[in-house]
Structure formats: C-alpha cells, structure tokens
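Numbering (our numbering), first residue to last: 1450 to 1928.
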Amino acid sequence: MINKNLSILIILVLILILHLGELKAADQSLIDTSAVTENSLSSHSEEHPLPAAFMVIPFLTLLLMIATGPLFYRHFWEKHYPKIAILLGLITVGYYLLVLHDIHTPLHTLDEYISFIALLGSLFVASGGILIKIDRKSTPMLNSLLFLFGAVIANVIGTTGASMLLIRPFLKLNKDRIKPYHIIFFIFIVSNIGGALTPIGDPPLFLGFLKGVGFFWVIEHVWYIWLPTVLAITLIFYLVDARNMPESKSNISHSNKIEFKGFKSVIFLGVIILSVFIDPAVVDWVPSFDPLPIGIREIIMLSIIFLAYKSAPSEILAANEFDFEPIKEVAYLFVGIFATMMPALQLIAYESNVYGQSLTPGIFYWATGSLSAFLDNAPTYLNFLSAAMGKFNLDVNIPDQVLQFELAHPIYLSAVSVAAVFFGAMTYIGNGPNFMVKSISERAGIRMPSFFGFLFKYAVPILLPIFILVWLVFYFGKV
C-alpha cells in the first residue's frame, strides 16, 4: 500500500515535467476548461483542449533562471529579469490565445495576479509608514519571542502583513550580528507557517473560506498541528542562535523601550484587512465587475498604496529605508510565474481529479505540499481540495457540499490546508512574502543564499524532517 501511494505521489509531482502517456482520445481532444479551472473560482463553460506537456517549459525555464541567475550571472539577471519574466509569460499567454483559442484562462490568471499584487503592494506600503524601534539587546530568547509574536499576528493581518510589519525592526534589532539564518527562520515562521490558523493568514485558506469552509474550522482542526510545528522550528532557531551568539564586548546600554510610530498607517492596514472580505462570494451586495479583472477590493487596495505613501511621514520612511524596489521585484517575477504556470496547474488539476479516488490523506498532504513549494499555493490548494471532494462525489463549487465535506471528512481538508501553507516555506517562490523579505534583507546588506542554497542548506534539513513527523503523526495510515 505504501509503495502504491508513493507511486501515485511521484506521478502527480512529475506532471510538472512530463505529462503521463497519452490521454484517452475523447479526453485529449476536448475537455471542459471549467472543470479544470473550477478550483480557481471559474464559472467558464466553454471547452478547450488540454495544454500540451511541453508548455511547462517556460515555467521550468523561469524557475531555473530565478535559481541560477543571482548565483552565476548576477549582473545580467539583475538588469534583465523583468524582460525575461514578461517574455516567458507572453509565450505562454500567446499559446493560450493563438493555439488553444482560450481567452478565459489568461483573463482569470490576470484577475488572480491583480488581486495578489494589490494585496502585497498595499500591505508593503502601509507597513512602510509604521516605525517600530526595539531598544533592547539582541538575544536568542528575544528573537524567538518576536517570531512567536509574528506567528500569532500573521493570523490577524496575514503572513504578508506580519512580515512587512516586523522584518525591518527585526533587522535593526539584530544589526550588529545579523546572519542569513536569521532571515531564513523569519521566512519559515512569520512569512509562512504562522499563518495557518485563519482564512486571513494565507491565501489558500481564504479561497477555501470563499468556497464555504467555515471561518473557524481551520483553527479548530489545525491548532494542534500548528503549535508543535511553530514551537519546534522556533526551538531549532533558538539553539542555532544561541550557538552563534557572540561574546558581548560592547558597553552600549539599552533603554529596553519599544517605540511605535505611524498610527495612521495602522488604520490603512486595518482597511486593507477588512477589504479582503469585500467580495461578491462573501457579501451579497458587493457588485461584480466581471469580466474586468478587478473589483472593489482591488480598487481599495490600489488606492491605499497611493494614500498610505503620500501620507506617511518622511522621517518614518527614511528610518525604514523605504523604497519600492522589493515590491517591484515581486511584481515582475510573479507576473511571469502566474502566466507560465497556467499549463502546469491545468495538467495538475486534470490528473489530480483522474487519480483522486486513489489518494489518501497522506498522499494529499505530500502532493499538495510538494507542488505548493514551487507553484502558487492558492490554486494548488483548490485543485487538490476539488480532487478530495470528488473522491466522495462532492462538488467544490456547492457551499452545502463543502460544509458536508468538512464535517464528514475533516482529515482530507486538514491535509490539504496544512500542506499548502506549511510547504510555502520550502522555497523563495513558495509564498509572496518570501521574496519581499529576501529583497528587503539584501538591500540592508545581507547576502542571502541562492534559491538552491535556501532549499538544500536550510529548508530540506530543517523543515522536511518536521514535515515528515507531521505526516507520520497526523496523516500516515489515515483514510
């Protein structure tokens, strides 16, 4: 049974590189695109051919260049990465428009991208107008407590909000002894795993909420997984940080005060969080601007980018060394990522539904997690949520059936939810805040590890054993 499940997992992961064999003639000729993309909140009913397997090449090319560019051809990459990301994205979009004659999927992806960048951009600018000064000596215990605080508030203001609010004071607190591992653990805990308790915490969980998953369902069924995981990673950080704590030779005294400025930006931050729920799927009276790839929520967020920046005191922006480069880098890279990953997501959606009946909670955990580390974890979450519900003849687009699913089969929903959030910490592209934190840290003079360095030096040896324990304790052998 273990070998069979492992084989199914390998099949799902390898879809990113090679489509499995020849599909049945009827399925190969035409498939209902709405069935493939229903997991991404689609109501499209036209039929389009399944994208060819070779169309994952632009995505793999971009992924490889993100990994190798800063390491082997830094000057070229830093100068041309926007052009490369856009060019590869246009190749994929052109294929959809000219070969598949599918305009819906690119438009829907554009909708998701605008929502993504509006949220990240507004949180980035609003948090830039908030100044937090911690005049204390940097210690492993203080850093660990800051991580735990960030993990908790990530469920209130999102992992992006928590990351942007805390990364600058964290850098300044540790300015005399900052090392790359400080930032890596910040990404692990604050930018990803911390936000696994509420729909506000991470985008996949919010999409589940829009589909009908109860707002408090996640915290009720995930807290006992979240807590030991966060504590375990924090404990590892504490031991690493204590080992690298230099002997104090400074006579600098500290007031032990915590200073907070920028309450106007806190209001903007609150408006952003509230605007997340201004969606026709949540509030009936909210109008939809379909087919335009923007809504009232995005208009509010984009407006706050302008208002928050213009109203922020110049001394706070200067103290935070605020500029738009980090969000600019995220905007360019992720427009390429969102565009080029369309074929991969559709192939994954198709195959996950084909093999859904054979998948156990443990396989859903590993399949969702493995792909969430390299793809956008929100549509990956919905793809496997749909497959899990299809296993029991339930439809992810019917709220009553989503409620039935969460009550009757909570282990499956838990596996998909936990994996989508946790595994976002495995790579820089696993979650939007990861790249932003990396960029802000590099602009502060910290030489961050490469894509592969992050993955193999830190994520695999630190996170993977913990994720294996989570699987063994909570999902292995469960049906």
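Idealized CB from N, CA, C, for every residue including glycine.
Please read all numbers here as calculations on a predicted model, not as lab measurements.
It is roughly 33 angstroms from the alpha-carbon of lysine 1927 to the alpha-carbon of tyrosine 1687. For isoleucine 1753, the enclosing alpha helix (DSSP H) covers residues 1745-1760. Out of Gly1570, Thr1683, Val1725 and Thr1647, the CA that lies nearest to the CA of leucine 1756 is found in Gly1570. For the set Ile1797, Ile1583, Phe1596 and Phe1635, the Cα lying nearest the Cα of leucine 1622 is the one of Ile1583. Uninterrupted beta strand (DSSP E) stretches at least 3 residues long and entirely within the segment 1666-1719 occur at 1707-1710, given in chain order. Look at isoleucine 1895 here: in three-state DSSP terms it is coil, with no helix or strand label.
Per DSSP, the beta-bridge partners of lysine 1582 are Glu1708.
Here DSSP, grouped into helix, strand and coil, assigns histidine 1858 to coil. Taking C-alpha positions only, valine 1732 is separated from isoleucine 1889 by approximately 36 angstroms. Counting C-beta atoms within 10 angstroms of its own C-beta, arginine 1523 has fewer than 16 neighbours from the protein chains shown and is therefore classed as exposed.
Spatial neighbours of aspartate 1690 in its own chain (CB-CB distance under 7 angstroms, excluding positions within 5 residues in sequence) are listed in chain order as Pro1589 and Asn1592. DSSP places phenylalanine 1726 outside both helix and strand once states are collapsed to three, so it counts as coil.
Around the C-beta of histidine 1497, 16 or more other C-beta atoms lie within 10 Å, and the residue is accordingly described as buried. Secondary structure note for lysine 1660: its alpha helix (DSSP H) is the uninterrupted segment 1652-1660. The segment 1824-1875 is shown to contain whole alpha helix (DSSP H) runs of 4 or more residues at 1826-1839, 1848-1857 and 1859-1871, in chain order. Of the residues assessed, alanine 1908 falls on the buried side of the cut-off, its CB having 16 or more other CB atoms within 10 angstroms. For lysine 1906, same chain residues with a beta-carbon under 8 angstroms away, outside a window of 5 residues either side, are Pro1898 in chain order.
Straight-line measurement puts the Cα of proline 1729 at about 28 angstroms from the Cα of lysine 1713.
Valine 1601 and glycine 1644 have their alpha carbons spaced roughly 8 angstroms apart. In the three-state DSSP reduction, alanine 1822 falls in the coil class, being neither helix nor strand. Taking C-alpha positions only, valine 1542 is separated from lysine 1710 by approximately 44 angstroms. For glycine 1577, the uninterrupted alpha helix (DSSP H) run begins and ends at 1553-1577, by DSSP. Closest in alpha carbon position to serine 1863, among Leu1594, Ile1632 and Gly1663, is Gly1663. Rounded to the nearest angstrom, the Cβ distance from isoleucine 1682 to isoleucine 1915 is 7 angstroms, consistent with a contact under 8 angstroms. In the three-state reduction of the DSSP assignment, arginine 1617 falls in the helix class. DSSP places proline 1742 outside both helix and strand once states are collapsed to three, so it counts as coil. A direct Cα-to-Cα measurement between histidine 1858 and glutamine 1850 gives close to 11 angstroms. Closest in alpha carbon position to alanine 1893, among Glu1770, Leu1843 and Ala1567, is Glu1770.
With a contact defined as Cβ atoms closer than 8 angstroms, leucine 1808 and alanine 1836 qualify at about 7 angstroms.
In this structure the segment 1625-1640 touches the segment 1601-1614; the number of beta carbon pairs closer than 8 angstroms is three or more.
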